[in-house]
Amino acid sequence: MTINLTVQEIDLAEKKLLKLVQDESFIEEDNLKGLLIYVDQDGLYRLKIKIIRIDDTEDFRCPIVLPSNHELVHRLIFDHHLLHSHAGVQFDMKTVGVPDIDNLDKINLTKRWRYNQRLREQFRKRFRDEYLGLLVQRPLKRKFVRSIQINDIVLVEQDNLKRSDWLIGRVI
Numbered sequence: 001m002t003i004n005l006t007v008q009e010i011d012l013a014e015k016k017l018l019k020l021v022q023d024e025s026f027i028e029e030d031n032l033k034g035l036l037i038y039v040d041q042d043g044l045y046r047l048k049i050k051i052i053r054i055d056d057t058e059d060f061r062c063p064i065v066l067p068s069n070h071e072l073v074h075r076l077i078f079d080h081h082l083l084h085s086h087a088g089v090q091f092d093m094k095t096v097g098v099p100d101i102d103n104l105d106k107i108n109l110t111k112r113w114r115y116n117q118r119l120r121e122q123f124r125k126r127f128r129d130e131y132l133g134l135l136v137q138r139p140l141k142r143k144f145v146r147s148i149q150i151n152d153i154v155l156v157e158q159d160n161l162k163r164s165d166w167l168i169g170r171v172i
């Protein structure tokens, strides 16, 4: 039996988790000194920034303050990282607002193309170094070379013919 959560229930659970993280990390107010902090209606610490009068969401205008060293924060960042196909920090910072879908596709495709190019180059290099190196024919080093003697069967070399067409002869 599966129970689907409503948007309000998910939002409430998210806020409670963030409140727990803040309560664990900001036990002393010393950690927040020097920041313009206020507590919102849900009891979360939020940061007042200079663009407070812009028409945007509250999460953008007054972001929730989270510690950088908490496991849940690391997992949230990693989840966001995976959601955007391993895009970097600059990409994640741009998507704080409402992302432009065309721009996201362009960034994802460009990053994916670069990744594929890098893989292709690494594969070519390994192929050349590891596989083709094994195929190089090196002359056999013979310790003992026997001199030609009477009654030996030999091939008579001819420059204008293939080796298979050379004449066979006997040394007299």
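Read in order, the letters of the sequence shown correspond to residues 1 to 172 in the UniProt record's numbering. Note that CB positions come from ideal geometry on N, CA and C, so glycine has one too.
Here S25 is buried, its C-beta having at least 16 other C-beta atoms within 10 Å. Residue pairing for R75: DSSP places it in no beta bridge.
In this structure, L32 lies near Y45, with their beta-carbon atoms less than 8 Å apart. DSSP places I10 in the helix class (H, G or I) of the three-state scheme. Contact between I64 and L18 holds, since their C-beta atoms are separated by about 6 Å, short of 8 Å.
By the Cβ neighbour-count rule, Q22 is buried, with 16 or more other Cβ atoms within 10 Å of its own.
Closest by C-alpha distance to C62, out of V39, V171, L72, is V39. In chain order, I153, V154, L155, V156 place their CB closer than 8 Å to the CB of I168, counting only its own chain and leaving out the 5 sequence neighbours on each side. Secondary structure note for R146: it is in no alpha helix (DSSP H), with a DSSP letter that is neither H nor E.
I172 is positioned such that its CB atom lies closer than 8 Å to that of I150. Counting along the chain, the unbroken beta strand (DSSP E) around R46 starts and ends at 45-47. Straight-line spacing of the CA atoms in T6 and G43 works out to 22 Å. The alpha-carbon of L161 is positioned some 19 Å away from that of R170.
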